[in-house]
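Have a look at the structure below before the remarks.
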Amino acid sequence: MTRRSSLPSHQPAGYVCPFCAIVEGGSDPPFTVRDDVVDRTSATTAWIASRWWERNDGHVIVVPNEHVENMYALEPRLAGEVHETARRIALALRRAYGCAGISTRQHNEPAGYQEVWHYHLHVFPRYEGDDLYRSSWHDTTPADRLPYANRLRAALAAGS
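Residue numbering for the sequence shown follows this note's numbering, starting at 12 and increasing by one per position.
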């Protein structure tokens, strides 16, 4: 049974979800491309984000494969799947990047700075003094992301 939130939907009529396109295996550069995907299960997909913050290169976005607008509509079973993928990604980030810690971030509704109307969880590598929440961001190219995706895929394959 799908739980439906009584809160309003913010995705526009006829919304074409870019994250659903990634899950289905398509997208257009300079945004996410197939080589950015680092992990896929029957319930989730994870990829290297195309937008990076100053000192936190190669962060990852984890989504449910099913289109769910925000956390209000996220079923408990699917929430568990997303967070298990995020946990595996976090362990792999530590191995692949040698980071000192991990932060996750998730946004809901326009006032919460949600920009894509598909639930997603950011998993950031963290370093002492990185000032993540006050730093600026920039867009990257597929070539920028590929070495990070390759390192992360290797760390995931090595296991936890």
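By construction, the Cβ of each residue, glycine as well, lies at the ideal position given by its N, Cα and C atoms.
Residue i, buried or exposed, once every other Cβ within 10 Å from all chains shown has been counted against 16
{"i": "H70", "result": "buried"}
{"i": "D39", "result": "exposed"}
{"i": "E139", "result": "exposed"}
{"i": "T96", "result": "buried"}
{"i": "T52", "result": "exposed"}
{"i": "V27", "result": "exposed"}
Helix, strand or coil at residue i [DSSP, three-state]
{"i": "A57", "result": "strand"}
{"i": "P41", "result": "coil"}
{"i": "T115", "result": "strand"}
{"i": "V1", "result": "This structure cannot settle anything about residue 1, because the visible part of the chain is limited to 12 through 171."}
{"i": "R162", "result": "helix"}
{"i": "R145", "result": "helix"}
{"i": "M12", "result": "No answer about M12 holds up, because its pLDDT of 40 lies below 50 and its placement is not dependable."}
Residue j beta carbon less than 8 Å from that of residue i
{"i": "H133", "j": "Q125", "result": "no"}
{"i": "A103", "j": "I113", "result": "no"}
{"i": "V79", "j": "H129", "result": "yes"}
Residue i - partner residues in DSSP beta bridges
{"i": "V134", "result": "V71, T115"}
{"i": "V48", "result": "W58"}
**Prompt:** Are the segment 148 to 156 and the segment 60 to 68 touching by the rule of at least three beta carbon pairs closer than 8 Å?
**Reply:** By the C-beta criterion, the segment 148 to 156 is judged to be in contact with the segment 60 to 68, since at least 3 inter-stretch pairs fall below 8 Å.
**Asked** Are there three or more Cβ pairs, one per stretch, closer than 8 Å when the segment 21 to 38 is compared with the segment 139 to 148?
**Response** Segments in contact, no.
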